[in-house]
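>
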Amino acid sequence: KQEVTQIPAALSVPEGENLVLNCSFTDSAIYNLQWFRQDPGKGLTSLLLIQSSQREQTSGRLNASLDKSSGRSTLYIAASQPGDSATYLCAGGNQGGKLIFGQGTELSVKP
Amino acid sequence: GAGVSQSPSNKVTEKGKDVELRCDPISGHTALYWYRQSLGQGLEFLIYFQGNSAPDKSGLPSDRFSAERTGGSVSTLTIQRTQQEDSAVYLCASSPRLAGITDTQYFGPGTRLTVL
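Chains as they are written, first to last, in the numbering used here: chain A, 1 to 111; chain B, 1001 to 1116.
1. Just mark A:ASP39 as buried or exposed, buried being the case when its beta carbon has 16 or more other beta carbons within 10 Å.
2. Would you list, in chain order, the members of the stretch 1022–1040 of chain B that have their beta-carbon closer than 9 Å to a beta-carbon of chain A?
3. From the beta carbon of A:ILE50, is the nearest beta carbon of chain B less than 8 Å away?
4. Under 8 Å, do A:ILE30 and A:LYS68 count as touching if we go by C-beta distance?
5. Pick out whichever of B:GLN1006, B:ARG1022, B:ILE1026 and B:VAL1019 has its Cα sitting closest to the Cα of B:GLN1105.
6. What does B:LEU1060 reach in chain A if we use C-beta pairs closer than 8 Å?
7. Could you tell me the boundaries of the beta strand (DSSP E) in which B:SER1007 lies?
8. Taking a Cβ distance cut-off of 8 Å, strictly less, list which residues of the stretch 36–64 of chain A are near chain B, in chain order.
9. May I ask you to report which of helix, strand or coil DSSP gives A:GLN2?
10. Which of the residues in the stretch 96–111 of chain A, read from start to end, lie with their CB under 8 Å from any CB of chain B?
11. If you draw a straight line from the alpha carbon of B:SER1087 to that of A:GLN51, how long is it in whole angstroms?
12. Can you look up B:GLU1085 in the DSSP assignment and give me helix, strand or coil?
13. Let's see if you can read the secondary structure: which residues bound the beta strand (DSSP E) around A:ASN22?
14. Quick check: A:GLY104 and A:TYR88, are their CB atoms within less than 8 Å of each other?
15. At the 8 Å Cβ level, is B:SER1095 part of the contact set with chain A, yes or no?
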């Protein structure tokens, strides 16, 4: 059974810092790994999707990596901004598209 | 274009009543998913529809929960005889589900269900 864990649960950084959010999964037979952002009271916004055959994906200041052998993914945010404050969720996807989510990391970027 | 929409945005009901939650996926998306987000459990998969295939109901927590998808588009999640532990935000997502590819899921804003 797939289990996804995110560390840390919460993180507070000053504006401008680079930071890394961690995600680990127990079943290496995932088909993809997705990172989402959730703002308070809102739905999820997809940030990056890494297929199982890929090692990383980049979008703007975001870079996500995937290491299936070690069961880990990281989300790197460069030059953080107050607008990046949100909860970040990672999810492992199986062949059918079903996502197993971690508990999320609540990020606060202070001006 | 329009994203995934859900209605109602908020629903308050009394214990024991039935509720229906609606999801309108992005036009043309063949896959539709329901998830539940609650304080104690985080985000949990409930059910998945793909085209005309039998749905994957493996995440439904009890037989009080059911869902249907009519005409391959709109989906309704029904909870019968609601209990207080059903209180949560119910999220719907859709994806193009191109053949042989697992792709991004696009989420709706959710329906916040409160069972008194």
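Idealized CB from N, CA, C, for every residue including glycine.
Reading from the atomic positions:
1. In the first sequence, residue 39 of chain A corresponds to position 39, counting from 1. With a threshold of 16 other beta carbon atoms within 10 Å, A:ASP39 falls short and is exposed.
2. Cβ contacts with chain A come from ALA1031, TYR1033, TYR1035 and GLN1037.
3. Translated into the one-based positions of the first sequence, residue 50 of chain A becomes position 50. No, its Cβ sits nowhere closer than 8 Å to a Cβ of chain B.
4. Translated into the one-based positions of the first sequence, residue 30 of chain A becomes position 30. Translated into the one-based positions of the first sequence, residue 68 of chain A becomes position 68. Contact annotation: A:ILE30 and A:LYS68 have beta-carbon atoms nearer than 8 Å.
5. Within the second sequence, the letter at position 105 stands for residue 1105 of chain B. Of all alpha-carbon atoms in B:GLN1006, B:ARG1022, B:ILE1026 and B:VAL1019, the one lying nearest the alpha-carbon of B:GLN1105 is that of B:ILE1026.
6. Along the second sequence, one-based indexing puts residue 1060 of chain B at 60. Contact annotation for B:LEU1060 against chain A: no contact, minimum CB-CB distance about 13 Å [criterion: below 8 Å].
7. For the purposes of this step, residue 1007 of chain B is taken as residue 7 along the second sequence, with counting starting at 1. If you look at B:SER1007, you'll find it in the beta strand (DSSP E) that goes 1005–1007.
8. Those would be PHE36, LYS42, GLY43, LEU44, THR45, SER46, LEU49 and GLN51, in chain order.
9. By 1-based counting over the first sequence, the position of residue 2 of chain A is 2. In this structure, A:GLN2 counts as coil in the three-state DSSP scheme.
10. If the cut-off is 8 Å between Cβ atoms, the stretch 96–111 of chain A has GLY96, GLY97, LYS98, LEU99, ILE100, PHE101, GLY102, GLN103 and GLY104 near chain B.
11. In the second sequence, residue 1087 of chain B corresponds to position 87, counting from 1. In the first sequence, residue 51 of chain A corresponds to position 51, counting from 1. For the pair B:SER1087 and A:GLN51, the Cα-to-Cα distance works out to about 34 Å.
12. Your numbering for residue 1085 of chain B matches position 85 in the second sequence. Residue state, collapsed to three classes: helix.
13. As a working note, residue 22 of chain A is residue 22 in the first sequence. Segment 19–25, the beta strand (DSSP E) holding A:ASN22.
14. Against the first sequence, residue 104 of chain A aligns to sequence position 104. Against the first sequence, residue 88 of chain A aligns to sequence position 88. Yes. Within cutoff.
15. Taking the second sequence and counting its residues from 1, one reaches residue 1095 of chain B at position 95. So yes, B:SER1095 belongs to the interface.
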